[in-house]
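Its first residue numbered 4, the sequence shown is counted upward by one per residue in this note's numbering.
Okay, so here's the structure we're looking at.
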Amino acid sequence: MGINDWPAGERPREKLLTLGASALSDAELLAIFLRVGVKGRSAVDLARDLLASFGGLRPLLEADRQRFCAEHGLGEAKYVQLQATLELSRRHLGSLLERDAALTSPTLVRRFLSAQLRHLPHEAFAALFLDNQHRVIRFEILAEGTLDGASIYPREVVRRALAHNAGALIFAHNHPSGLAEPSQSDRRVTERLSEALGLFDIRVLDHFVVGDGEVISFVERGWL
Numbered sequence: 004m005g006i007n008d009w010p011a012g013e014r015p016r017e018k019l020l021t022l023g024a025s026a027l028s029d030a031e032l033l034a035i036f037l038r039v040g041v042k043g044r045s046a047v048d049l050a051r052d053l054l055a056s057f058g059g060l061r062p063l064l065e066a067d068r069q070r071f072c073a074e075h076g077l078g079e080a081k082y083v084q085l086q087a088t089l090e091l092s093r094r095h096l097g098s099l100l101e102r103d104a105a106l107t108s109p110t111l112v113r114r115f116l117s118a119q120l121r122h123l124p125h126e127a128f129a130a131l132f133l134d135n136q137h138r139v140i141r142f143e144i145l146a147e148g149t150l151d152g153a154s155i156y157p158r159e160v161v162r163r164a165l166a167h168n169a170g171a172l173i174f175a176h177n178h179p180s181g182l183a184e185p186s187q188s189d190r191r192v193t194e195r196l197s198e199a200l201g202l203f204d205i206r207v208l209d210h211f212v213v214g215d216g217e218v219i220s221f222v223e224r225g226w227l
């Protein structure tokens, strides 16, 4: 039986319009994205199959092009559509963050940084450059790859902060292992950067470590 034969209150699209997107399951949301199923399987059935095959929603959304397109019922057109949707989501979070001072929206800052960094397969060190009212000027990834204290250059970070006329920064980096617990190296790098930026009256407001479902704040740990 196709989705059109279901009771109206159980169809994903109608359910979303009536109850809102948050009321839908992962499979129902994915079914709306897929739009159609395959022979003998409705869009919801296909969505459930895909979630089982990938091991959940996040692995599906973060799958590389080859893995994604190899799955029955998907393909390059769906991959392009998904990547565009994910990028729209990241830009939407960024635009929301730009409307207000970063420190008044700590939850939004966490969501934004997680959206930017969590999916990366490698470690990346980034900064939110803020003006003197702590409004976002720009987000930049400053270093990528295997990071340690030697790969983050205070001189370069100061140069970028001065180029943006920033009055403050929020640092962030991800742990691809999924464990967000900061290392001693993370703390030493932050101290070095804070000292270098302090010479130019530029404050480091926080440093977030992004893991799998957790974002740890240095300020909340009492380290800044």
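Here a beta-carbon is modelled for each residue, glycine too, at the ideal position from N, C-alpha and C.
Query	Result
Do Pro15 and Val39 have their C-beta atoms closer together than 8 Å?	no
Might you give, ordered along the chain, the residues of its own chain that have their beta carbon closer than 7 Å to the beta carbon of Val222, omitting 5 neighbours on each side?	Asp209
Ends of the alpha helix (DSSP H) at Leu49?	46–57
Assign Ser180 to one of three DSSP states: helix, strand, or coil.	coil
Considering only their Cβ atoms, is the gap separating Ala169 from Ile144 smaller than 8 Å?	no
Look at the Cβ atom of Leu2, then the Cβ atom of Phe174, and state whether they are nearer than 8 Å.	Here the chain covers residues 4 to 227 and nothing more, so residue 2 does not appear.
Taking its Cβ as the centre, do 16 or more other Cβ atoms sit within 10 Å of Lys42, making it buried, or is it exposed?	exposed
With a CB to CB cut of under 7 Å and the five nearest residues on each side skipped, what residues in its chain are close to Gly23?	none
Quick check: what's the CA-CA separation for Ser186 versus Gly225?	15 Å
Looking at the unbroken beta strand (DSSP E) that takes in Val112, where does it start and where does it end?	Here Val112 belongs to no beta strand (DSSP E); instead the alpha helix (DSSP H) covers 109–120.
Using C-beta distances below 7 Å, list every residue in its chain close to His122, excluding the 5 sequence neighbours before and after it, in chain order.	Glu65
Assuming the contact rule is C-beta atoms closer than 8 Å, Leu116 and Val213 should be a hit. Round their C-beta distance to whole Å, please.	6 Å
What's the gap between the Cα of His83 and the Cα of Leu37?	The sequence as given places Val at residue 83; His does not occur at that position. Their Cα atoms are separated by approximately 12 Å.
Under 8 Å by Cβ, that's how I've got Phe203 and Val161 pegged, so tell me the actual separation to the nearest angstrom.	6 Å
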